[in-house]
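K.L.:
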Amino acid sequence: MSSFDGILLGAGHNSLVLQAYLGRAGLKTVCLERGSTIGGGLATVEDPRWPGYRHNTHSFFHRAIDQMPWYGELELERRGATYVEPELNVALILKSGEALCWWTDFERTAESFAEFSARDAATLRRWREAFVPILERILGPEARRPALDPNARRKTLEQTAAGRLLLETSALSPLEFVEREFEHPVVKAGLLFFNGLREVDLRLRGFGHHIPALLASPAKAQMCIGGAARLADALAAAVRETGGEIRTSCEPRRIVLDRGRVIGVETTSGELIRGRFVASSLNPQQTFLDLLPDAPTGVRERAAKFEYNLLAPLFALNLVLKAPPQYRAAQRRAELARAFMVILGLERYEQFNDIVRHHEEGRIPSTVMWGACPTLFDASQAPPGGHTAFMWEKLPYRLASGDWDRERDRHAEHMLAQWALYAPNVMQDGIGWFARSPLDTERDLPNMRHGDLLVGSFANGQVGYDRPFRGAGEYRTPIDGLYLCGSSCHPGGNITGLPGYNAAQVLLADLGLAKLGPGH
Ligand SMILES: Cc1cc2nc3c(=O)[nH]c(=O)nc-3n(C[C@H](O)[C@H](O)[C@H](O)COP(=O)(O)OP(=O)(O)OC[C@H]3O[C@@H](n4cnc5c(N)ncnc54)[C@H](O)[C@@H]3O)c2cc1C
1 MSSFDGILLG AGHNSLVLQA YLGRAGLKTV CLERGSTIGG GLATVEDPRW
51 PGYRHNTHSF FHRAIDQMPW YGELELERRG ATYVEPELNV ALILKSGEAL
101 CWWTDFERTA ESFAEFSARD AATLRRWREA FVPILERILG PEARRPALDP
151 NARRKTLEQT AAGRLLLETS ALSPLEFVER EFEHPVVKAG LLFFNGLREV
201 DLRLRGFGHH IPALLASPAK AQMCIGGAAR LADALAAAVR ETGGEIRTSC
251 EPRRIVLDRG RVIGVETTSG ELIRGRFVAS SLNPQQTFLD LLPDAPTGVR
301 ERAAKFEYNL LAPLFALNLV LKAPPQYRAA QRRAELARAF MVILGLERYE
351 QFNDIVRHHE EGRIPSTVMW GACPTLFDAS QAPPGGHTAF MWEKLPYRLA
401 SGDWDRERDR HAEHMLAQWA LYAPNVMQDG IGWFARSPLD TERDLPNMRH
451 GDLLVGSFAN GQVGYDRPFR GAGEYRTPID GLYLCGSSCH PGGNITGLPG
501 YNAAQVLLAD LGLAKLGPGH
């Protein structure tokens with residue numbers, strides 16, 4: 001039997017961020033990971049058929065990681081996690097060869113929007129200017145601390161013009177916001193895709209502000225040199241430097257309570273690991289139903305009702321190539337040859353309704369995909385002269401007819417053919433490929449239930465203070481000594497590290513090792 005101050009469940013980036021802060025505060029911790037590697041959604045792998053070609057099978061586009069507070073405080077650059085932020089950050093390439101482009105330089109983005117609609121370019125500028133202070137003073141700080149009670153938050157926001165504008169825009173859905181403000185179908189499609197679809201259900205009221213917030217954000221897509229797993233390795237180095245232990249292939253069977261208080265974790269191999277507290281990065285069903293059969297009924301009921309995103313699962317096609325994809329559109333616009341995130345198949349914003357309907361019916365919609373060629377920006381991810389590229393597509397977790405294990409390769413071939421319509425050389429220059437379905441995601445990372453890579457939707461009231469559910473927001477749970485620290489907490493999924501960072505603030509305050517701000 002071993003004994004620690006704290007035990008963390010799951011070695012994804014959120015747990016590792018939390019564990020590193022606990023170690024810095026002098027606490028002895030262990031992190032238990034069921035898989036054979038650490039990092040969760042930070043995975044960089046090689047297919048044994050093509051050694052030396054590295055593929056990022058989960059996250060790749062990391063948003064402004066080098067601006068996150070934990071990135072600097074945990075000295076992750078020094079530990080090997082370095083980032084690049086390509087200038088032509090996103091390009092929506094149309095069948096006609098035209099392209100809507102987001103640059104790291106806003107003026108170039110506005111010029112690209114003006115090619116489609118001068119009015120939309122002016123609207124873009126207006127909303128960006130209005131939301132820069134909202135982002136800097138309200139939304140940015142809100143994501144970097146435990147969420148406030150919604151009533152208290154509303155009262156505070158109502159006191160300032162910026163706060164009132166935020167409330168007014170967030171009362172809309174992203175779809176309503178874009179329909180109200182913009183006119184050109186390609187601009188609308190681009191905004192919704194880039195700024196909305198990946199994060200929230202576009203029909204959901206309460207999230208209209210996501211569009212102007214992302215327009216105003218200086219946080220562009222970045223990639224980790226060497227692959228996403230380098231960030232996990234750097235975090236693990238920060239953990240180990242302060243004595244933190246990470247055990248892989250070690251699965252918890254139950255969280256052990258004594259008179260209602262956490263006293264440790266029993267593993268599937270029968271070991272009892274003692275700890276004063278447990279922080280779980282798993283989803284609420286795993287934490288409260290699978291691992292806590294003795295949790296109070298009310299808590300179990302609320303955990304059981306936690307919902308996942310219908311539109312979050314991804315299908316991935318990963319290529320091994322002799323040359324990068326050469327887009328036909330780049331013959332006219334040379335800059336497209338160096339586009340980072342490329343979106344294909346999206347021509348008009350009405351396609352969203354179609355995508356949603358297909359998800360609801362378990363059918364495969366016409367292909368809208370996005371991806372990148374990592375080796376254009378980081379040669380270390382392939383042998384000399386070689387390249388990797390990938391495309392992702394939003395596809396339903398459950399198929400109405402057939403199942404993913406049978407459909408996967410057939411669909412991958414269809415996707416490759418669609419890609420070749422824009423970049424014919426992906427056929428001739430292709431050495432090989434492999435695909436991964438939403439089912440593969442869930443098998444790899446069971447916390448991403450139903451393939452939901454955001455680990456829980458923002459519908460069903462699962463947002464801010466009430467995420468994952470009322471009474472378990474603020475990273476504390478109704479069970480003494482049990483904390484949450486994963487993407488099912490505020491501010492949600494993706495590689496932000498903020499659930500782990502915020503959980504650290506709460507846990508250290510509860511242990512008397514730090515102080516929380518007002519309202520908590
Ligand atoms: C295909 C794909 C593409 C993505 N692309 C992006 C992107 O480009 N940008 C972006 O920001 N995000 C992206 N994401 C989402 C991102 O990876 C996740 O939101 C993020 O990894 C969640 O972080 P986490 O620390 O909360 O959990 P995870 O990273 O999921 O880590 C959880 C850990 O817990 C472990 N675990 C699960 N069950 C148990 C158990 N019972 N016991 C012990 N351990 C367990 C898992 O093995 C895993 O290591 C993508 C995800 C996928 C699947």
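Sequence positions in the sequence shown follow my numbering and run 1 to 520.
The beta carbon of each residue, even a glycine, is placed where N, CA and C say it ideally should be.
Would the C-beta of F61 count as close to ligand 1, meaning under 8 Å from any of its heavy atoms?
P.N.:
Yes, the beta carbon of F61 sits closer than 8 Å to at least one heavy atom of ligand 1.
K.L.:
Quick one: does the C-beta of S487 sit closer than 8 Å to a heavy atom of ligand 1?
P.N.:
yes
K.L.:
Quick one, are the C-beta atoms of L42 and S15 less than 9 Å apart?
P.N.:
By the CB criterion at 9 Å, L42 and S15 fall outside the cutoff.
K.L.:
Under a three-way DSSP split, which group does Q326 fall into?
P.N.:
Q326 falls in the coil class under three-state DSSP.
K.L.:
Quick check: does the Cβ of T160 come within less than 8 Å of any heavy atom belonging to ligand 1?
P.N.:
no
K.L.:
Is there at least one non-hydrogen atom of ligand 1 closer than 8 Å to the beta-carbon of I93?
P.N.:
no
K.L.:
In terms of residue numbering, what span does the alpha helix (DSSP H) encompassing W50 cover?
P.N.:
No alpha helix (DSSP H) holds W50; DSSP gives it neither H nor E.
K.L.:
Taking its Cβ as the centre, do 16 or more other Cβ atoms sit within 10 Å of D405, making it buried, or is it exposed?
P.N.:
Around the C-beta of D405, fewer than 16 other C-beta atoms lie within 10 Å, and the residue is accordingly described as exposed.
K.L.:
For K394, which three-state DSSP category applies?
P.N.:
The three-state reading of DSSP puts K394 in strand, counting E and B together.
K.L.:
Helix or strand or just coil, what does DSSP make of L508?
P.N.:
Note: L508 maps to helix in three-state DSSP.
K.L.:
Excluding sequence positions up to five away, which residues of its chain have a Cβ less than 8 Å from the Cβ of I343?
P.N.:
Cβ within range, chain order: V90, A91, L92, I93, G190, F193, F194, V368, M369 and W370.
K.L.:
With H, G and I counted as helix, E and B as strand and the rest as coil, what does DSSP make of Q19?
P.N.:
helix
K.L.:
Helix, strand or coil for T441? Go by DSSP, reduced to three states.
P.N.:
helix
K.L.:
Just checking, does the region 76 to 87 make contact with the region 320 to 327 on the three C-beta pairs under 8 Å criterion?
P.N.:
Put simply, the region 76 to 87 does not touch the region 320 to 327. Fewer than three CB pairs are less than 8 Å apart.
K.L.:
Note the first and the last residue of the continuous beta strand (DSSP E) segment covering N151.
P.N.:
Segment P150 to E158 is the alpha helix (DSSP H) holding N151; no beta strand (DSSP E) there.
K.L.:
If I'm right that G52 touches A337 with Cβ under 8 Å, what's the distance once you round it to whole angstroms?
P.N.:
Rounded, the Cβ-Cβ distance is 24 Å, inconsistent with contact.
K.L.:
Express the C-alpha separation of I479 and R571 in angstroms, rounding to a whole number.
P.N.:
The structure shown does not extend to residue 571, since the chain is modelled only from 1 through 520, so no value can be given for it.
K.L.:
Near I431, what residues of its chain come up, given a Cβ to Cβ distance below 7 Å and the 5 sequence neighbours on each side ignored?
P.N.:
Closer than 7 Å at Cβ, skipping near neighbours: W50, V320, L321 and K322.
K.L.:
How many Å lie between L8 and S281 at the Cα?
P.N.:
7 Å
K.L.:
At a cut-off of 8 Å, would you count G35 as near ligand 1, judging by its Cβ distance to the nearest heavy atom?
P.N.:
Checking every heavy atom of ligand 1 against the Cβ of G35, one is found closer than 8 Å.
K.L.:
Whose C-beta lies closer than 7 Å to the C-beta of P296 among residues of the same chain, with five residues either side of it excluded?
P.N.:
P478
K.L.:
Over what stretch of residues does the alpha helix (DSSP H) that includes S173 continue unbroken?
P.N.:
No alpha helix (DSSP H) holds S173; DSSP gives it neither H nor E.
K.L.:
How about H13 and G451: are their beta carbons less than 9 Å apart?
P.N.:
No; because the gap between Cβ atoms is not below 9 Å, this pair is not in contact.
K.L.:
Give a yes or no on contact between the region 107 to 127 and the region 430 to 445, applying the rule of three or more CB pairs nearer than 8 Å.
P.N.:
Segment contact: the region 107 to 127 against the region 430 to 445, fewer than three CB-CB distances shorter than 8 Å; contact not assigned.
K.L.:
So V320 is in the beta strand (DSSP E); what residue range does that whole segment cover?
P.N.:
L314 to L321
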